[in-house]
Amino acid sequence: MKAKVMDGMQRFSKAMFIPVLILPIAGILIALGNLLTNQRLLEVIPFLNNPITTGFGTILTGSLVSILGNLGLIFCVGITVGLANKEKAVAGFTALLGYLVFVNAMNKFMQLSGVLYEGETLQGTGQTLVLGVQILDMGVFLGLILGIITAMVHNKFSDTEFNGAFQIYGGSRFVFIVLIPVVVLLSIALTFIWPYFQTGINKLGTLINHSGSFGIFLYGALERLLIPTGLHHLIYTPFLYTELGGSAEVGGKVFEGARNIYYAEIADPSVKELSPSVVWDARGISKMFGLIGACLAMYHTAKPENKAKVKAILIPAAVTSFIAGVTEPIEFSFMFVAPLLFVVHACLSGLAMVTFHLFDVRAIGPNGMIDFLLFNLPLGIQKTHWPMYILIGLIFFVIYYVVFRFLIVKFNFKTIGREDEGNETKLYSKNDYKAKKSAGTAGTPVPQGNDGIATVIVDALGGASNINTVTNCYTRLRLTLEHPERVNEDVLKKETGASGVIIKDKNVQVVYGLQVTNIRKAVDSYLGLSTNE
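Residues in the sequence shown are numbered from 1414 upward in steps of one, following this note's numbering.
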């Protein structure tokens, strides 16, 4: 049972990343539109103050804000595509149809049962407009529920075929035939059930938001501690996109979730002060500053003869963390060889968010310095208090450096550059740590070209016949294997550049960082999965 639950959570986490990876792009473009209409910037750069530029900025911001009001649909399609075993495009299209059926079925049933509110404003009634249709306000949860159900129906019935005159109703068409009564009955059931769930969610949100610093610390620490499992997305996503992260009225509309509120507020020039819910998206402090201090501590504590290699390895990892917020190459450098450092890192990350909250900072930089500059500088100091973000970051840079250096020296942790004689100076995985310090060279160089590296990766994963599914998130190649014990972690580390390998039952994650998308395409092409995926 435990294995099945973990497998389900792993699959759901992978599926959720399809919409989650796309939504920040909308936020960046909203910020860009806000930048092009920012009066202070137009005064400094007069040539931008023209109808074409400002008009484009207004259109860009106004059009993309609409995405925030349709997150249910976006998550429904994205999760269905992620959970579908095959014919993912057809599954996504079916999810769209199912969503439309559900919305209108619930509206009609609410009308027939006399629970459809008929006043002028829906605020505070528990009902809202979805695609122009009035139903219960389920927010992102509607997309999550329908996405899971549609994927289940698709996976079970997509291979169903009929003979003779009924042959036309087989396959994907039969999936939709089955889905219609399921969705209609679900809409009726949720009309009665959802208000109770909504009450529970409201109480949980109130509890979390009234837990103060402890709740924020726990959130920040857990979000890091779950990195090895790949389930950390399940911690922060509800806070960023549902009412667990707060709700606020912006421009006459109610937005739920820390990131949705933030995007809506930066798009509305009439907003004078940002919502404090931004604290749930303040994960960038440890990425932009804390882990850089940890890298400096590892460099200073490395053996003198290894410092040149350590510098060559850690500088790219530190730059990636600072600029893009990708932390796993650094975290995997000490996660398995010194687990205490990883626990300390998680606690410091939570403490940084608490400090952020105590000083009432409203700036964000969840994906590194690029996001930080684009989102916060145009809004000004009064709205975001961004100088305090920098100050807190610098303080935690020093804290990380001092604590990491002390612990590394005190416990003689074999962090990068401190390996015993005969061991290679590199980023280590769990397999390397368990290999009892086996000696060896760097191995065969990484094959040139996509076909070459894909061949090595597939072979190291036990061969093509051992691979059931291939997906990826922001930094990891995620696979399900028939026989995970066949994985050669050492080859993946030495010959393909992976900075970590995580095996949990049949779920395998190989950490490659920002180049993971190209690697995924190469593996897909090698396996002949490009059409199906």
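All C-beta atoms, glycine included, are put in the ideal place defined by N, C-alpha and C. These figures come from a predicted structure and were not determined experimentally.
Same chain only: Cβ atoms within 6 Å of residue i, ignoring 5 sequence neighbours per side
i	result
A1765	I1698, S1699, F1809
L1535	T1541
K1501	V1494
G1763	F1630, G1633, A1634
F1817	A1707, A1710
Residues near residue i by beta carbon distance below 8 Å, same chain, minus five either side
i	result
L1820	A1751, L1753, L1754, V1757, F1826
N1520	L1529, V1546, Q1547, I1548
F1619	One point to set straight first is that residue 1619 is Thr, not Phe, in the sequence displayed. Around T1619: no qualifying Cβ.
L1787	I1441, A1444, L1445, L1448
L1473	L1442, I1443, L1445, G1446, L1449
S1526	T1604
T1944	Note that T1944 scores a pLDDT of 43, beneath 50, so its modelled location is shaky; the value from the coordinates is reported in the next line. Within the same chain, T1944 has no close Cβ partners at all.
F1522	S1600, I1601, T1604
L1617	L1657
L1461	L1449, L1454, L1455, T1467
Anticipated Cβ contact below 8 Å, residue i with residue j, distance rounded
i	j	result
L1653	A1671	5 Å
L1496	A1564	3 Å
A1518	V1596	7 Å
I1870	T1909	5 Å
I1614	E1656	7 Å
I1606	A1715	Between A1715 and I1606 the Cβ distance is about 58 Å, and since that is not below 8 Å, they are no contact.
I1783	A1730	That belief does not hold up - the Cβ atoms of I1783 and A1730 are roughly 17 Å apart, past 8 Å.
I1880	L1892	6 Å
L1894	K1917	Actually they do not touch by this definition, with Cβ atoms about 11 Å apart.
Residue i, buried or exposed, once every other Cβ within 10 Å from all chains shown has been counted against 16
i	result
N1673	buried
G1853	Any reading at G1853 needs caution, since the residue's pLDDT is 33, under 50, leaving its predicted position unreliable; the model's value is listed next. It is exposed - the Cβ of G1853 has fewer than 16 other Cβ atoms within 10 Å.
P1742	buried
V1883	buried
R1775	buried
S1938	exposed
H1896	exposed
H1567	buried
H1646	buried
T1507	buried
I1932	buried
I1458	exposed
G1475	exposed
Q1928	exposed
Y1582	exposed
P1749	The displayed chain sequence assigns Phe, not Pro, to residue 1749. It is buried - the Cβ of F1749 has at least 16 other Cβ atoms within 10 Å.
S1878	exposed
F1430	buried
Selection from the options that minimises the alpha carbon distance to residue i
i	options	result
S1479	P1742, G1738, G1664, Q1928	G1664
G1625	A1725, F1769, F1506	F1769
L1589	V1871, L1598, L1510	The question names Leu, yet the displayed sequence has Phe at residue 1589. Nearest of V1871, L1598, L1510 to F1589, Cα basis: L1510.
I1803	A1564, G1781, Y1512	G1781
L1773	I1783, H1798, S1762	Note on identity: in this sequence residue 1773 is Asp, with Leu being the wrong assignment. The shortest Cα separation from D1773 among I1783, H1798, S1762 belongs to H1798.
A1935	G1910, F1522, N1885, I1866	I1866
T1733	D1903, Y1582, G1926	G1926
K1427	P1791, E1533, C1886	C1886
V1767	N1498, S1688, V1692, L1727	V1692
L1761	K1499, V1811, V1900	V1811
G1421	I1492, E1898, N1463	I1492
P1432	V1457, L1486, Q1452	L1486
I1728	Y1582, M1711, P1717	M1711
G1402	D1681, E1531, Y1512, V1815	No information on residue 1402 is available, as it lies outside the stretch 1414 to 1946 that the chain covers here.
K1666	F1488, G1482, T1573, I1794	G1482
P1689	L1559, G1659, F1702	G1659
A1394	G1505, L1477, N1789	Outside the displayed span of the chain (1414 to 1946) sits residue 1394, for which this structure offers no information.
L1559	F1515, L1617, Q1611	F1515
E1669	T1471, L1455, M1551, N1498	M1551
Cβ neighbours of residue i in the same chain (closer than 7 Å, five flanking residues each side left out)
i	result
D1694	L1653, A1671, R1672, Y1675, I1777, P1779
P1608	G1539
L1792	I1679
P1437	N1780
R1424	L1496
K1724	Y1712
G1703	L1761, S1762, A1765, F1809, F1810, Y1813
G1505	V1490, T1493, V1494
L1592	T1507, G1511, T1563, V1566
beta-carbon residue i near the ligand ATP non-hydrogen atom, thresh 7 Å
i	result
V1588	Absence of the ligand ATP is noted for the structure shown, with no ligands found whatsoever.
List, from N- to C-terminal side, the alpha helix (DSSP H) runs of 4 residues or more that fit wholly inside the stretch 1499–1568. As far as the stretch 1499–1568 is concerned, its whole alpha helix (DSSP H) runs of at least 4 residues are 1501–1525.
Which ranges does the beta strand (DSSP E) cover as unbroken runs of at least 3 residues, wholly within the stretch 1445–1471, from first to last along the chain? Listed in chain order, nothing qualifies, since the stretch 1445–1471 has no complete beta strand (DSSP E) run of 3 or more residues.
Whole runs of the alpha helix (DSSP H) within the stretch 1651–1725, excluding any shorter than 4 residues: Runs of the alpha helix (DSSP H) lying entirely within the stretch 1651–1725 and spanning at least 4 residues, in chain order: 1671–1680, 1704–1714.
Kindly provide the ranges of any alpha helix (DSSP H) runs that are 4 or more residues long and lie completely inside the stretch 1565–1630, ordered along the chain. Within the stretch 1565–1630, the alpha helix (DSSP H) runs of at least 4 residues that lie entirely inside it are, in chain order, 1585–1622.
Where are the alpha helix (DSSP H) runs, 4 residues long or more, that stay fully inside the stretch 1741–1790, in chain order? Secondary structure within the stretch 1741–1790: the alpha helix (DSSP H) runs of 4 or more consecutive residues, fully enclosed, are 1741–1747, 1752–1771, 1782–1789 (chain order).
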